[in-house]
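Peer 1: My questions will all concern the structure given below.
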Amino acid sequence: MTPPARRAQAWPRLVADLPESFYTQAAKEISLAEAPKFAEAIINNQIQGRTLVKVKLTISKD
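Read in order, the letters of the sequence shown correspond to residues 1 to 62 in the numbering used here.
Written as structure tokens, this is what we have:
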């Protein structure tokens, strides 16, 4: 794994060097309800890039 200091140096360069469209193409955000469908596609090597699962946390005041 890359050391944290080196990672910290890399992020500003990535932001400067890569167009914003790269990030929208490299990652897809899905809901938790969509996760089972995407899990199967990932297992079958049908997904490229990253899949981010959006999870909403609701805290009850009970």
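Don't be surprised by glycine CBs; every beta carbon is placed ideally from N, CA and C. All of these numbers come straight from a predicted model, not from anything done at the bench.
(1) Give every residue of the same chain whose Cβ lies closer than 6 Å to the Cβ of A41, excluding the five residues on either side of it in the sequence, and list them in chain order.
(2) Are the segment 49–60 and the segment 25–34 touching, with three or more C-beta to C-beta distances below 8 Å?
(3) For a test of the three-state rule: what should DSSP assign to K56, helix, strand or coil?
(4) How many angstroms separate the CA atom of T58 from the CA atom of T2?
Peer 2: Here's the rundown:
(1) Mapped onto the sequence shown, residue 41 falls at position 41. Listed in chain order, the non-local C-beta contacts of A41 below 6 Å within the same chain comprise I47, local neighbours out to five positions each way being set aside.
(2) Yes, they touch.
(3) Position 56 of the sequence shown, counted from the first residue, corresponds to residue 56. The answer is coil: DSSP assigns K56 none of H, G, I, E or B.
(4) Walking along the sequence shown from the start, residue 58 turns up at place 58. Walking along the sequence shown from the start, residue 2 turns up at place 2. Cα to Cα, the separation comes out at about 35 Å.
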